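Only one structure is covered here, and it is reproduced in the block below.
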Amino acid sequence: MEIQLVHLEETDSTNRVLKELAREGAPEGTLVVADRQTAGRGRLGRSFFSPDGGLYFSLLLRPALPSFDTTLITTAAAVAGARAVDAFAVARPDYAGPTQIKWVNDLYLRERKITGILAEGLAQGEAFSVVLGVGINILPPEGGFPADIAQKAGSVTLTRDTDISPSEMKSRLLALFIREFEALYEALPDKRYLNEYRERSMLTGKTVSYEKDGLPHRGTVLGIDDEAGLLLDEGGETVCLRAGEVSVAFE
Ligand code: BTN
832 MEIQLVHLEE
842 TDSTNRVLKE
852 LAREGAPEGT
862 LVVADRQTAG
872 RGRLGRSFFS
882 PDGGLYFSLL
892 LRPALPSFDT
902 TLITTAAAVA
912 GARAVDAFAV
922 ARPDYAGPTQ
932 IKWVNDLYLR
942 ERKITGILAE
952 GLAQGEAFSV
962 VLGVGINILP
972 PEGGFPADIA
982 QKAGSVTLTR
992 DTDISPSEMK
1002 SRLLALFIRE
1012 FEALYEALPD
1022 KRYLNEYRER
1032 SMLTGKTVSY
1042 EKDGLPHRGT
1052 VLGIDDEAGL
1062 LLDEGGETVC
1072 LRAGEVSVAF
1082 E
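Using my numbering, the first residue of the sequence shown is number 832, and each one after it goes up by one.
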């Protein structure tokens, strides 16, 4: 994949910018990176806090795969992101890996979410594209995380005092991600990477809760199936979640 980099100091959302470029015919490999976002988008209509000190980017994919396989792309991105963070952080004194994946595609270190991934599909006539957006909190934000995410969010490094500059950190991490992701993406639909996804899965064996049709559910995570669905034991019955989000239930 030929990468064409567009660097912005500030934008509302790299996913929004890249979608616009995609509509204008930008090729696969177009990569929009921002130093900060004023309206970073998260999954399920949420926002993604995106101050200076993080890596925020969106990569344009024009897969030959049918659209229903977007899950393969996002789970491959989760594995690539986890590998990249580990390779980046392993030499640091505060390394706490291996990086774990919380189904579907959040990355966790020290039991804190350090990365979010939002893949958005775009149909143009017969053609289908995916805008793959990734946000990695590298440094702890100046002034800390906002109160609503302070208990959950974390960053790759524990301190803002680091031996290399933030921009050097961002370009290293970005290069590692692209290298890892490209290898997995080009091999799709080869699903062998799902074994690593399973090994990194932080939910396996845990009791989780979720809502379906307005009703609360609870189950124990059995694992991840071959379509990256979450397998749960709910009172003896095996249930598979294809999309959505679960929370770890505290007994
Ligand atoms: C989530 O955790 O719910 C997903 C967050 C995805 C954030 C990234 S940052 C770069 C790209 N641009 C956005 O507006 N969102 C994604």
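Just so it is clear, CB atoms sit at the ideal spot from N, CA and C, and this is done for glycine as well. All of these numbers come straight from a predicted model, not from anything done at the bench.
Check	Outcome
How long is the line joining the alpha carbons of glycine 964 and arginine 914, rounded to whole angstroms?	17 Å
Helix, strand or coil, according to DSSP, for aspartate 925 in the structure here?	coil
Can you have a look at glutamine 982 and say buried or exposed, based on whether 16 or more other CB atoms are within 10 angstroms of its CB?	exposed
Taking only runs of the beta strand (DSSP E) that begin and end inside the stretch 996 to 1080, which ones reach a length of at least 3 residues, in chain order?	1038 to 1043, 1046 to 1055, 1061 to 1065 and 1068 to 1072
Please determine whether the Cβ atom of serine 996 lies at a distance below 7 Å from any heavy atom of the ligand BTN.	no
Pull up the distance between the alpha-carbon of threonine 869 and that of threonine 845, whole angstroms please.	10 Å
What runs of the beta strand (DSSP E), each 3 residues or longer, lie entirely inside the stretch 859 to 939?	861 to 868, 885 to 892 and 931 to 933
Confirm the yes/no value for this check: CB of tyrosine 887, any heavy atom of the ligand BTN, distance under 7 Å.	yes
Quick one: using the 10 Å Cβ neighbour count with 16 as the cut-off for buried, is asparagine 936 buried or exposed?	buried
Does the distance between the C-beta of isoleucine 969 and the nearest non-hydrogen atom of the ligand BTN fall short of 7 Å?	no
Give the DSSP bridge partners of glycine 856, in chain order.	Paired residues: none, contrary to the question.
Keeping to the same chain, check which residues put their C-beta closer than 8 Å to that of threonine 1035; ignore five residues upstream and five downstream.	Arg1029, Val1052, Leu1053, Gly1054 and Ile1055
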